Structure formats: structure tokens, C-alpha cells
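Here is the structure we will look at.
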Amino acid sequence: MLALLGLIMVVTFTYLIMSKRLSPIVALTVVPIVFALIGGFAPELGKMMLDGLKMVAPSAALLLFAILFFGLMIDAGLFDPLIRKILKRVNGDPVKIAIGTALLSLLVALDGDGTTTYMITCAAMLPLYKRIGMNPMILATVSMLSLSIMSGMSPWGGPATRAIAALGLDATEYFIPMLPTVIGGAAWVVFTAFLLGRAERRRIGNIALESGGGNCYIKEILGDSPHKRPRLAYVNLVLVIAVMTALVLGLMHAAILFMIGFVAALMINYPQLELQKERILAHSGNAMTVVLLVFAAGIFAGIFSGTKMVDALAQTLVDWIPEAWSHWFPLVVALTSMPLTFVLSNDAYYFGVVPILANAAAAYGIDPVEIARASVLGQPVHLMSPLVASTLLLVGMVDRDIGDFQKATVKWAVLTSLVITALALLTGALSFFV
């Protein structure tokens with residue numbers, strides 16, 4: 001009964017936001033409350049919602065300060081040299097722009113952080129997309145797919161780290177057989193960018209942009225804002241490297257690091273109080289929208305987890321897998337990771353569902369490390385979910401609705417998951433038969 005209620009809740013929620021019957025914030029809050037009341041959980045509802053808010057509070061704080069931190073770095077012109085080089089290379093060719101987006105986002109995503117990937121990629125490429133009239137959904141799609149490969153499958157990225165920890169595995173044993181899949185996945189993302197860029201070239205043509213003189217498109221895109229601080233470029237670069245290094249080393253929680261980085265950037269670049277207020281207000285709208293969505297997602301996750309609907313769905317899935325499929329269990333896990341990670345947070349899936357799947361696989365003589373590898377192959381679909389904080393940031397940066405984003409990306413996300421699953425099978429990271 002609980003599994004059916006949870007399934008209906010997820011389907012209802014997805015339909016409402018994709019059909020634009022409700023805004024994401026309203027749907028994330030109202031739908032789980034209604035279904036919790038239907039299920040008879042009214043007495044525990046307040047506690048479950050509060051637990052959900054507590055669960056996402058660190059993510060909300062991280063996004064708030066990361067948006068403000070990178071917003072200040074963009075204002076100060078730190079990324080202008082990088083943007084200038086990219087713009088010179090790609091000019092107005094949609095194919096080159098799309099491929100450039102893929103290469104940049106794949107590189108930045110190596111640090112494993114979605115917020116950083118989206119902020120830097122959008123800062124570098126979005127002005128050019130707007131300048132020539134390219135669909136910004138291409139930027140969003142390519143960036144998301146890049147993150148799903150470089151962060152989703154690497155042992156320092158969130159999903160794999162959780163799977164390795166939950167199953168008590170060795171990171172090297174997990175990752176070495178996955179390397180060909182990661183490399184092949186990155187090549188697939190570049191190829192996807194080529195296809196999207198070629199389709200866009202047919203739509204808008206190959207636009208030749210003037211690269212010199214007073215009408216130089218690069219100057220027009222970068223602008224000449226009084227907020228730029230070119231003399232402080234090296235100081236800002238050192239600050240960003242310091243924050244990112246501390247983040248990779250895990251010296252402090254990411255939210256604390258970005259808060260300290262934001263305060264330092266504010267004092268260094270804009271010491272006057274009026275300028276500080278102005279810069280904070282300039283980025284507060286985008287930051288507040290994302291933070292509100294994250295808290296609404298916390299309500300959804302808190303109720304979904306607190307009512308045990310998620311546990312019931314996971315157990316039902318395990319029970320439904322025919323014994324005849326036991327030899328293909330890693331493939332089953334890879335395919336089911338797509339819908340499961342879409343409706344669940346990474347914590348809920350990797351700490352709640354994956355151990356159940358690993359125990360079931362052990363009965364068939366399957367090594368838990370294969371289940372860990374299989375569990376990350378649905379990450380392209382997971383990153384479409386409105387429960388992913390960085391996805392909400394990406395949608396806000398390209399100024400699109402989450403429903404529109406999902407419609408534009410669902411085909412490519414599912415296809416990418418299938419491609420990397422096939423690569424994992426072909427390269428031996430997953431077994432056909434045990």
C-alpha cells in the first residue's frame with residue numbers, strides 16, 4: 001500500500017510540474033503533504049517536514065554562499081580572460097560553441113561540485129548563447145551531462161563516494177575498471193554537444209561575429225562594468241584556488257568554506273559598505289529563488305522518507321525482480337537507478353536502497369563493487385530531478401522553468417545513462433553473467 005501511494009505521489013508531482021499546473025515550489029510542498037494526509041500520517045507530519053528541512057539546510061547554505069561568491073568573482077571579471085579565449089575560438093558557430101561548452105564543463109566538473117561547474121560554465125558561455133540567439137537549454141543539457149559523467153562516476157564525486165562508503169568498498173577497486181566508461185562517457189557528451197550544435201546551426205545558421213574594432217563582439221559580451229577589478233585578478237584567483245583546494249581536501253564543510261570565501265571576496269573587491277550592499281542585492285534574487293526551491297525539496301524528501309514510502313518502493317522493487325534475472329542483477333540495478341535516483345536524494349538512494357540491492361545481489365554471488373558501479377549509471381537522469389540543489393541553480397541561471405528543462409533533457413539523459421551502461425558492460429566494469 002505504501003509503495004503504491006509513493007508511486008502515485010511521484011507520478012502526480014512529476015505531471016504537475018511538467019504540465020505547469022503548479023510551480024515547483026508549490027508542488028514540492030503541497031503534493032507530499034496531501035499524500036501524507038491520505039496515508040494517515042497527520043500526527044507525524046510536522047516532524048517529518050522539519051527533519052526534511054534540517055536535511056537540506058547545509059545544501060541551501062552552500063548554494064546561497066556559492067552563488068554570492070562566484071557572483072562576486074564574475075562581477076570582478078576574474079573569468080574574463082578564460083571567456084575571451086573561448087569566445088575567440090568558437091566565434092559564432094553553434095557547433096563549436098556547443099563543443100566548447102562540453103569541454104569546459106567536463107574540465108570544471110572534475111572537482112566534483114555541481115555548483116562550481118554550472119556557475120563557471122554559465123558565466124563563460126551564456127553571454128555568447130544570448131548574443132547569437134542559441135537555445136540556452138543546450139548549455140544546460142551539456143553541462144548537466146558533463147557533471148553526471150565527471151562527478152557522478154568518479155570516487156571523489158558525491159554519488160560514488162556514498163556508494164563506496166555505504167558498502168565498505170575500496171575506492172581504487174571501484175574506480176579502475178570504471179575508467180574506460182568515464183572516458184567513453186566524456187566522449188559521448190562531446191558527441192551529444194556536436195549533435196545539438198549541428199541542429200542549432202541549421203536553425204540559426206553560422207553567424208560570423210566581428211572580432212576586432214569598436215564593434216568587437218567579445219567587448220560587447222564582456223562589457224566594461226565599473227564593478228570589474230582587473231588589478232585584483234591574481235588576488236581573486238588565489239582566493240578561488242584556496243577555497244576550491246580546501247573543498248577538495250575536505251578541510252571544512254563546503255557551506256562554511258564558501259561563506260568565508262564570499263566574505264573575503266566582498267572585503268577585498270568592494271570594501272565600501274554601499275557597494276557591498278549593492279552587490280549582495282544584485283545576486284540575492286537568484287540566490288533566494290534557489291534556496292526556496294531547496295527548502296521545498298526538503299519538505300518533499302522529509303515526507304517521502306519519514307512515511308517510509310521510499311523504503312516500501314525499494315523493497316517492492318527487490319521483491320519483483322524474478323530469480324531468473326539474477327545473473328543480470330548488475331544490469332537491473334543500472335537500469336532501475338534511473339527512476340530511483342530521479343525521485344530520491346543521493347543520500348536516500350545510496351544509504352537506503354543500495355545496501356538492500358547489494359544484499360540481494362550477494363545471494364546470487366555478485367560482488368558488491370559491481371552494485372556500486374551499477375548504481376551510479378543513472379546519474380544523468382538523477383540530475384534532472386528538482387530534488388537536486390545544483391540543478392535548481394542551473395535552471396535559474398539559464399532563466400528557464402524546471403518543467404521545460406526536464407522536457408528538453410529527458411531524452412539525452414536517458415540515452416546517456418544507456419550509453420554508459422552499455423560501455424560498463426562492454427568494458428567489464430559490469431558482468432553480463434555471474
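So for the sequence shown, full-length UniProt numbering puts the first residue at 1; every next one is plus one. Glycine is no exception: its CB is placed at the ideal position from the N, C-alpha and C atoms. From a predicted model like this one, the values you see are computed outputs, not experimental measurements.
*Helix or strand or just coil, what does DSSP make of I420?*
Counting from one through the sequence shown, the residue named residue 420 turns up at place 420. If DSSP states are grouped into helix, strand and coil, I420 belongs with the helices.
_Going by DSSP in three states, F175 sits in which element: helix, strand or coil?_
In the sequence shown, the residue the question calls residue 175 occupies position 175. Reduced to three states, the DSSP call for F175 is helix.
_Excluding the 5 residues flanking L22 on each side, which residues of the same chain have their C-beta closer than 6 angstroms to its C-beta?_
As a working note, residue 22 is residue 22 in the sequence shown. Cβ neighbours of L22 beyond the five flanking positions: L16.
_For N215 and L128, what's the separation of their Cα atoms in angstroms?_
Taking the sequence shown and counting its residues from 1, the one referred to as residue 215 is at position 215. Taking the sequence shown and counting its residues from 1, the one referred to as residue 128 is at position 128. With a pLDDT of only 46 at N215, under 50, the local geometry of the prediction cannot be trusted, and no value is derived from it.
*Does the Cβ-Cβ distance between S146 and L106 come in under 8 angstroms?*
Translated into the one-based positions of the sequence shown, residue 146 becomes position 146. Translated into the one-based positions of the sequence shown, residue 106 becomes position 106. Yes, the Cβ-Cβ distance between S146 and L106 is below 8 angstroms.
*asked:* My parser needs the alpha helix (DSSP H) runs of 4 or more residues fully inside the region 323-391; what are they?
replied: 329-343, 354-362, 368-375 and 379-382
_Cβ-based burial, D319 [other Cβ within 10 Å; buried from 16]_ = Counting from one through the sequence shown, the residue named residue 319 turns up at place 319. Exposed, since its Cβ has fewer than 16 Cβ neighbours within 10 Å.
*What residues in its chain sit with their C-beta under 7 angstroms from that of A109, if we drop five residues either side in the sequence?*
Position 109 of the sequence shown, counted from the first residue, corresponds to residue 109. Hits under 7 angstroms: T117, S146, L147, M150 and S151.
_Inter-residue spacing [alpha-carbon to alpha-carbon] between T14 and K228_ = Looking up residue 14 in the sequence shown gives position 14. Looking up residue 228 in the sequence shown gives position 228. Taking the straight line joining both Cα atoms gives about 42 angstroms.
*Residues in its own chain within less than 7 angstroms of Y270 by CB, not counting five upstream and five downstream?*
Here residue 270 is taken as the residue at index 270 of the sequence shown, counted from 1. Result list for Y270: Q276 and R279, in chain order.
_A301 versus D113 - alpha carbon distance_ = Here residue 301 refers to the residue found at position 301 of the sequence shown. Here residue 113 refers to the residue found at position 113 of the sequence shown. So the alpha carbons of these two residues sit roughly 21 angstroms apart.
*Compare the beta carbon distance of A163 and M153 with 8 angstroms and say whether it is the shorter of the two.*
As a first step, residue 163 must be located in the sequence shown, where it is residue number 163. As a first step, residue 153 must be located in the sequence shown, where it is residue number 153. For A163 and M153, no; Cβs fall outside 8 angstroms.
_If you measure between the beta carbons of I8 and G185, is that distance less than 8 angstroms?_
Here residue 8 corresponds to residue number 8 of the sequence shown, with the count starting at 1. Here residue 185 corresponds to residue number 185 of the sequence shown, with the count starting at 1. No.
*Give the range of the alpha helix (DSSP H) segment to which D75 is assigned.*
Taking the sequence shown and counting its residues from 1, one reaches residue 75 at position 75. Looking at the DSSP string, the run of the alpha helix (DSSP H) that includes D75 is L45 to D75.
*asked:* Quick check on DSSP: helix, strand or coil for R84?
replied: What you label residue 84 is simply residue 84 of the sequence shown in a count that begins at 1. It is helical.
_Alpha-carbon spacing of P32 relative to A199, whole angstroms_ = Looking up residue 32 in the sequence shown gives position 32. Looking up residue 199 in the sequence shown gives position 199. The alpha-carbon atoms of P32 and A199 are separated by roughly 39 angstroms.
*asked:* Among the candidates M397, L293, S375 and F405, whose CA atom is the shortest distance from the CA of A429?
replied: Stepping through the sequence shown from its first residue, residue 429 is reached at position 429. Out of M397, L293, S375 and F405, S375 has the C-alpha closest to the C-alpha of A429.
*Can you tell me which of the three DSSP states G100 falls into?*
For the purposes of this step, residue 100 is taken as the residue at position 100 of the sequence shown. Three-state DSSP puts G100 in a helix.
*W188 to T416, Cα distance in whole Å?*
Here residue 188 refers to the residue found at position 188 when the sequence shown is read from its first residue. Here residue 416 refers to the residue found at position 416 when the sequence shown is read from its first residue. C-alpha separation (whole angstroms): 8 angstroms.
*asked:* For chain B, check one thing: does any of its Cβ atoms lie closer than 8 angstroms to the Cβ of A287?
replied: The structure shown contains no chain B; it is built from a single protein chain.
*asked:* Beta-carbon within less than 6 angstroms of residue 451's beta-carbon, same chain only, minus the 5 sequence neighbours each way: which residues are those?
replied: Residue 451 lies beyond the range of the chain shown here (1 to 434); nothing can be said about it.
*At least 3 beta-carbon pairs within less than 8 angstroms: the region 38-56 vs the region 290-299*: yes
_Which of the three DSSP states is assigned to N135 in this structure?_
For the purposes of this step, residue 135 is taken as the residue at position 135 of the sequence shown. Reduced to three states, the DSSP call for N135 is coil.
*Among A255, I256, P330 and M397, which has the Cα closest to the Cα of R373?*
To locate residue 373, count along the sequence shown from 1; it is residue 373. If we check each option's Cα against that of R373, P330 comes out closest.
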